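What follows is a short report on a single structure.
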Amino acid sequence: QICGVPIHKGEFILNDILWIHYDPTQWAKPLEFIPERFDPESEYFLKPNTKEAREPEAYIPFSFGLRNCPGQALAKLTAKI
């Protein structure tokens, strides 16, 4: 059972990573392109209408865990250059 929903053996469960990036509890104006979201000095950096930081899992462009994107290190290195 997950959140009161019964999950039976053999059922397929999908984790919608796209929705995480549009969660209105984590992002102000989630459907708008606002690059300042990642600037710690911007008003958009925190959760909407709070002084709290976003959850670390609110932005996962490369996935996470053991099976994350193999290009993550290259992408981050390229961004620094």
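Heads up, the sequence shown is in this note's numbering, so the first residue is 2 and it goes up one at a time.
No residue lacks a Cβ here, since even glycine has one placed at the ideal position from N, Cα and C.
Quantities reported herein were computed from a predicted structural model and do not represent experimental measurements.
If we ignore side chains and look at the alpha-carbon of each, how far apart do residue i and residue j end up?
i, j, result
"residue 55", "residue 30", "14 angstroms"
"residue 7", "residue 20", "22 angstroms"
"residue 43", "residue 9", "45 angstroms"
"residue 51", "residue 38", "14 angstroms"
"residue 3", "residue 12", "13 angstroms"
"residue 73", "residue 16", "20 angstroms"
"residue 65", "residue 25", "21 angstroms"
"residue 75", "residue 63", "11 angstroms"
Report, in whole angstroms, the separation of the C-beta atoms of residue i and residue j, which I expect to be a contact under 8 angstroms.
i, j, result
"residue 45", "residue 35", "5 angstroms"
Considering only residues of the same chain and omitting the five flanking positions on each side of residue i, which have a CB-CB separation below 7 angstroms?
i, result
"residue 61", "18 and 21"
"residue 27", "48, 55, 56 and 59"
Report all residues from its chain with a CB closer than 8 angstroms to the CB of residue i; omit the five preceding and five following residues, and keep chain order.
i, result
"residue 47", "53, 54 and 55"
Just list the residues that DSSP pairs residue i with in beta bridges.
i, result
"residue 3", "6"
"residue 47", "54"
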